[in-house]
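In the working numbering, the protein residues as written are 387 to 638.
Yeah, the Cβ is synthetic: ideal placement off N, Cα and C, and Gly gets one too.
Since we're looking at a predicted model, the values are computed, not measured.
Here is the structure we will look at, set down as structure tokens.
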Amino acid sequence: VGAEKGIICIEDNKPDVVELMKLKSADFSNIEVIAVKTKYPQGAEKMLIKRVMGRSVPSGGLPMDAGCVVSNVSTAQAIAEAIRTGMPLIERVVTVSGERIAKPGNFIVKIGTPVRDIIEYCGGVTGDDVTVKLGGPMMGFDCANLDVPLIKGCNGIIAVESTVSRESPCITCGRCVDVCPMELAPLHYPRYAEEGDWAAMNERNVRDCIECRCCEYICSSKIPLVASIKAGKKGIAETAARAAAAQAQTGK
């Protein structure tokens, strides 16, 4: 990509890893290792760029628009392995955890392994009222079918006690606005999504949302904000696709 400098970011609650990486990269003058604050969602691309480089990715833009390329450690390792050995990505590290997992841990798992097999390898789940999530505790989503295969983007499997949240009307407290790392106003999105007003959602920069779920986590009304955000992104994309198709048809 023509980058002149590489920066390795490690959370500051791992000082031994920071020191080890500094030692390993000491011979590379264009590689810097820095410790970043252990705070969710610090690891998100746009958050890292703002924290480390002091740059902001423009609304609707990509890291490249800020002159950066961000790769997580799994991607960097997979690229290095492919270059060195020619081996494509066939396995990844997966964290299996949660209070309902019998034997939690970190495992190297082949891509395509059924989620059910991974859980059984960990001793299965304890109890009957269990919800299995794929991904992390915040951004993960419920897995309705344990026979689905592990995909390359899945870094975690979590088994927790099932809970049911009762949604109530928004009280306009603004707490979701306070915690949004992208400085958005999530409280407006459910109404726009219900009305199908994708233009309004686009004007309020819904596409900049990184779906960290901080807004949903803190919402006292238990409103599924991320669902409306995803609907908005989909609606905007479909509207743009229809407009492009109509323009192409007119051009003929």
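Next on the checklist: Based on DSSP bridge pairs, tell me the residues matched to residue 560.
Outcome noted: DSSP lists no partner for residue 560.
Checklist entry - Taking Cβ to Cβ, would you say residue 536 is nearer than 8 angstroms to residue 495? => result yes
Checklist entry - By a C-beta neighbour count over all protein chains shown, 10 Å radius and 16 as the cutoff for buried, is residue 559 buried or exposed? => result exposed
Next on the checklist: What does the Cβ neighbour count give for residue 409, buried or exposed, with the cut at 16 atoms within 10 Å?
Outcome noted: exposed
Checklist entry - For residue 492, which of helix, strand or coil comes out of DSSP? => result Here residue 492 sits in strand by DSSP.
Checklist entry - Between the beta-carbon of residue 488 and the beta-carbon of residue 508, is there less than 8 angstroms? => result yes
Checklist entry - In whole angstroms, what separates the C-alpha of residue 423 from that of residue 563? => result 21 angstroms
Checklist entry - Do residue 520 and residue 526 come within 8 angstroms of each other at the CB atom, strictly closer than that value? => result Contact flag set, yes.
Checklist entry - Considering only residues of the segment 522–569, which uninterrupted beta strand (DSSP E) runs meet the minimum length of 3 residues and lie entirely inside it, listed in chain order? => result Correct list: 542–547.
Next on the checklist: Checking 8 angstroms against the spacing of the C-beta atoms, do residue 547 and residue 516 come in under that value?
Outcome noted: yes
Item to check | Terminal residues of the beta strand (DSSP E) in which residue 396 lies | outcome: It spans 392–397 - the beta strand (DSSP E) in which residue 396 sits, taken as one unbroken run.
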